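S.K.: Okay, here's the structure, questions in a sec.
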Amino acid sequence: MEREELKSIVESLLFVADGPQSLQRLGEVLDGVDRQNLQGILTELQQEYENQSRGIRLVEVAGGYQLRTAKANADWVKKFLGGRPARMGKATLETLAIVAYRQPITKAEVEAIRGVDVDGVITTLLERNLIRAVARKDVPGRPFLYGTTPEFLQLFNLKDLSHLPTLKEMDEISLPEIPGEALSTDYLEEN
Amino acid sequence: MSTKVQLEIFEGPLDLLLHLIKKNEVSITDIPIATITEQYLATLDLMQTLSLDVAGEFLVMAATLIHIKSRMLLPVGDDEVDEEEGVDPREELVRRLLEYQRYKDAAAELDQRELLTRDVFARAPAPVAEAGPREFREISVFELLGALKRVIDRLPKDIVHEVTLEKITMREKMTLLLDRLRAQSRVVFESLFAEVKSRMEIVVTFLAMLELVKVRAIRIFQDEPGGEIVIEAAAGMEEALERVVFDEAGEKQDGA
Numbered sequence: 000m001e002r003e004e005l006k007s008i009v010e011s012l013l014f015v016a017d018g019p020q021s022l023q024r025l026g027e028v029l030d031g032v033d034r035q036n037l038q039g040i041l042t043e044l045q046q047e048y049e050n051q052s053r054g055i056r057l058v059e060v061a062g063g064y065q066l067r068t069a070k071a072n073a074d075w076v077k078k079f080l081g082g083r084p085a086r087m088g089k090a091t092l093e094t095l096a097i098v099a100y101r102q103p104i105t106k107a108e109v110e111a112i113r114g115v116d117v118d119g120v121i122t123t124l125l126e127r128n129l130i131r132a133v134a135r136k137d138v139p140g141r142p143f144l145y146g147t148t149p150e151f152l153q154l155f156n157l158k159d160l161s162h163l164p165t166l167k168e169m170d171e172i173s174l175p176e177i178p179g180e181a182l183s184t185d186y187l188e189e190n
Numbered sequence: 000m001s002t003k004v005q006l007e008i009f010e011g012p013l014d015l016l017l018h019l020i021k022k023n024e025v026s027i028t029d030i031p032i033a034t035i036t037e038q039y040l041a042t043l044d045l046m047q048t049l050s051l052d053v054a055g056e057f058l059v060m061a062a063t064l065i066h067i068k069s070r071m072l073l074p075v076g077d078d079e080v081d082e083e084e085g086v087d088p089r090e091e092l093v094r095r096l097l098e099y100q101r102y103k104d105a106a107a108e109l110d111q112r113e114l115l116t117r118d119v120f121a122r123a124p125a126p127v128a129e130a131g132p133r134e135f136r137e138i139s140v141f142e143l144l145g146a147l148k149r150v151i152d153r154l155p156k157d158i159v160h161e162v163t164l165e166k167i168t169m170r171e172k173m174t175l176l177l178d179r180l181r182a183q184s185r186v187v188f189e190s191l192f193a194e195v196k197s198r199m200e201i202v203v204t205f206l207a208m209l210e211l212v213k214v215r216a217i218r219i220f221q222d223e224p225g226g227e228i229v230i231e232a233a234a235g236m237e238e239a240l241e242r243v244v245f246d247e248a249g250e251k252q253d254g255a
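So the sequence lines, in the order shown, correspond to chains A and B. Heads up: the first sequence is residues 0 to 190, going by numbering that gives the first Met the number 0. Heads up: the second sequence is residues 0 to 255, going by numbering that gives the first Met the number 0.
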């Protein structure tokens, strides 16, 4: 197979693929093509999309490769697709971050960090398939230990968990500014 | 009025404390515990006045704060400095606050990535929905309470004492708000209270709004930090309303 021909085939496969496709899966279909060759072709494709300012990007995400739209076109794509998908609230996002960085972790351990009950949020995250029970902790009650799913990696455009943004060191943490208006009227001053 | 709204409070006691620390512009590692405790308790009071369901965690934290405050008042005798009493009583709390802020930061950083179905899209149906116009931010309960306080403050102070039987029901207020949203899709928070005459009416209007948030019929946003608070019909407003038995809206509903 010619290199250009192979590249064309790989592009077609990625186009019809449902979700990110691993090198291994692509290799299985294109029997006889070695991994390194395939890797090179994917990198080339990736650069071509980038360099030609196309509306599509080839991204490496969740242990595989996937075609995604260019970020610059987000508003148009959204308009085209219509509808307004559910939004992820602060509680959901914070809980998800704790599970992501501390996995495997029990619900009680998440609650200890957030200082509030996270029952509802954990259920939502499980329903959305962003976290899953990975094991049970060997303590009384044998609570579930939760971890993130490949869907989590897909959602946040992460190759794998090692690509999570680095957590700040404790002495690097500073409190963000409070927006002015929310501050100006102090509801606590009443009486 | 036996109205009780179980507001789903996303922020817990730690979030409230961080808010107070930021607002007072004090250092997280050197919290003026008396001031912060006082303000913390005042906020709980306000929440209770509004019949918001103050979760147990808030009360536990209140007890913790008072305990720390009392320990700070005790003189530390030289002979008493054992391992437990010798450390700053605030230490454990500070550690928890920093730890929590750390994950809040991490969450914010995750939110800035190229999110699937928000910033980028794939061919296959996305596993998770996420979005809404990005220029909007969700507002916190505290900001809402602040806005409510502003509305209450605008009431004329010298109201002539007049005994009237006020018949304002949450149902009425909910219906009113929904009608407005059907007509104009977004309503500015403050405009809800434009023709409101009494404190009671403000509170009922506010509670009606919270109730509609709870059943996911409406959403509350801010265009920018400190900007106008805007109320919008949620995507599934009519469906959400179908699930709610309106006549009972003023009463506590279990399992809603």
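Note that the Cβ used here is the ideal one computed from N, Cα and C, for glycine as well. Predicted model, so just to flag it, every value in this text is computed and none were measured.
If you run the structure through DSSP and keep just helix, strand and coil, what is A/Gln45?
M.R.: A/Gln45: helix per DSSP, three-state reduction.
S.K.: Determine whether the beta carbon atoms of A/Leu66 and A/Phe143 lie at a separation below 8 Å.
M.R.: No, Cβ-Cβ distance for A/Leu66 and A/Phe143 is not below 8 Å.
S.K.: Taking contact to mean 3 or more Cβ pairs, one atom from each stretch, closer than 8 Å, check whether the stretch 153-162 of chain A and the stretch 55-66 of chain A are in contact.
M.R.: Yes, they touch.
S.K.: Would A/Lys106 and A/Ile121 be called neighbours here (beta carbons separated by less than 8 Å)?
M.R.: Yes, Cβ-Cβ distance for A/Lys106 and A/Ile121 is below 8 Å.
S.K.: Return the CA-CA distance between A/Arg34 and B/Val187, expressed in angstroms with no decimal places.
M.R.: Spanning the two alpha carbons is a distance of roughly 58 Å.
S.K.: DSSP three-state label for A/Phe151, please.
M.R.: In the structure shown, A/Phe151 sits in a helix (DSSP, three-state: H, G or I).
S.K.: Identify whether A/Glu27 lies in helix, strand or coil by the three-state DSSP scheme.
M.R.: Looking at A/Glu27 - three-state DSSP - the assignment turns out to be helix.
S.K.: Suppose only complete runs of 4+ residues qualify. What are the alpha helix (DSSP H) ranges in the stretch 92-122 of chain A, listed by chain order?
M.R.: If we require 4 residues or more, the alpha helix (DSSP H) runs fully inside the stretch 92-122 of chain A come out as 106-113.
S.K.: Could you list the residues in the stretch 16-35 of chain A with a C-beta less than 9 Å from some C-beta on chain B, going in chain order?
M.R.: Listed by position, the residues of the stretch 16-35 of chain A near chain B (Cβ gap below 9 Å) are Ala16, Asp17, Gly18, Pro19.
S.K.: At a Cβ threshold of 8 Å, is A/Glu189 touching chain B?
M.R.: With a pLDDT of only 37 at A/Glu189, under 50, the local geometry of the prediction cannot be trusted, and no value is derived from it.
S.K.: What does the alpha-carbon distance come out to for the pair A/Ser52 and A/Gln23?
M.R.: The straight-line gap from Cα to Cα measures roughly 29 Å.
S.K.: Using a cut-off of 7 Å between C-beta atoms, extract the partners of A/Thr68 located in chain B.
M.R.: Result: Val119, Phe120.
S.K.: What does a CB cutoff of less than 6 Å around B/Glu200 pick up in its chain, not counting 5 residues either side in sequence?
M.R.: These residues qualify, in order along the chain: Ile167.
S.K.: Relative to the alpha-carbon of B/Phe141, which residue among B/Arg112, B/Gly225, B/Ile230, B/Ala233 has its alpha-carbon at the smallest distance?
M.R.: Of the listed residues, the one whose Cα sits closest to B/Phe141 is B/Gly225.
S.K.: DSSP state of A/Ser7, grouped into three classes?
M.R.: Three-state result, A/Ser7: helix.
S.K.: Reducing DSSP to helix, strand and coil, say where A/Ala134 ends up.
M.R.: Of the three classes helix, strand and coil, the one that applies to A/Ala134 here is strand, per DSSP.
S.K.: From the DSSP output, in three-state form, read off A/Arg56 for me.
M.R.: Residue state, collapsed to three classes: strand.
S.K.: Between B/Val53 and the rest of its own chain, which residues show a CB-CB distance below 8 Å, the 5 nearest in sequence each way excluded?
M.R.: Leu43, Met46, Gln47, listed in sequence order.
S.K.: Is A/Pro19 buried or exposed, if buried means 16 or more other CB atoms sit within 10 Å of its CB?
M.R.: So A/Pro19 ends up on the buried side.
S.K.: Can you pull the chain A neighbours of B/Arg101, defined as C-beta to C-beta under 8 Å?
M.R.: What B/Arg101 touches in chain A: Leu166, Lys167, Met169, Ile172.
S.K.: Sorted by chain position, which residues of the same chain lie with C-beta nearer than 6 Å to A/Leu41's C-beta, five sequence neighbours on each side aside?
M.R.: Counting only Cβ-Cβ distances below 6 Å, and skipping sequence neighbours, we find Tyr64.
S.K.: Between the Cα of A/Leu124 and those of A/Val76, A/Glu1, A/Ile97, spot the shortest distance and give me the residue it belongs to.
M.R.: When only C-alpha atoms are compared, the closest one is A/Ile97.
S.K.: Would you say A/Tyr48 lies against chain B (beta-carbon separation less than 8 Å)?
M.R.: False, the Cβ-Cβ gap to chain B never drops below 8 Å.
S.K.: Please report how far the alpha carbon of A/Val117 lies from the alpha carbon of A/Val9, in whole angstroms.
M.R.: When rounded, the distance between both Cα atoms is 43 Å.
S.K.: Which residue's Cα is closest to the Cα of B/Arg149: B/Leu40, B/Ile67, B/Glu24, B/Glu227?
M.R.: Considering only alpha carbons, the answer is B/Glu227.
S.K.: With contact counted as at least three CB pairs below 8 Å, one residue from each stretch, are the stretch 159-172 of chain A and the stretch 93-110 of chain B in contact?
M.R.: Flag = yes, the stretch 159-172 of chain A and the stretch 93-110 of chain B touch.
S.K.: Using the rule of at least 16 other Cβ atoms within 10 Å of the residue's Cβ for burial, across every protein chain shown, is B/Leu72 buried or exposed?
M.R.: B/Leu72 should be labelled exposed.
S.K.: Going by DSSP, name the residue or residues bridged to A/Gly146.
M.R.: In the DSSP output, where bridge partners are listed per residue, A/Gly146 has A/Arg131.
S.K.: What's the call for B/Arg181, buried or exposed, on a 16-neighbour Cβ count within 10 Å?
M.R.: Its Cβ having fewer than 16 others within 10 Å, B/Arg181 is exposed.
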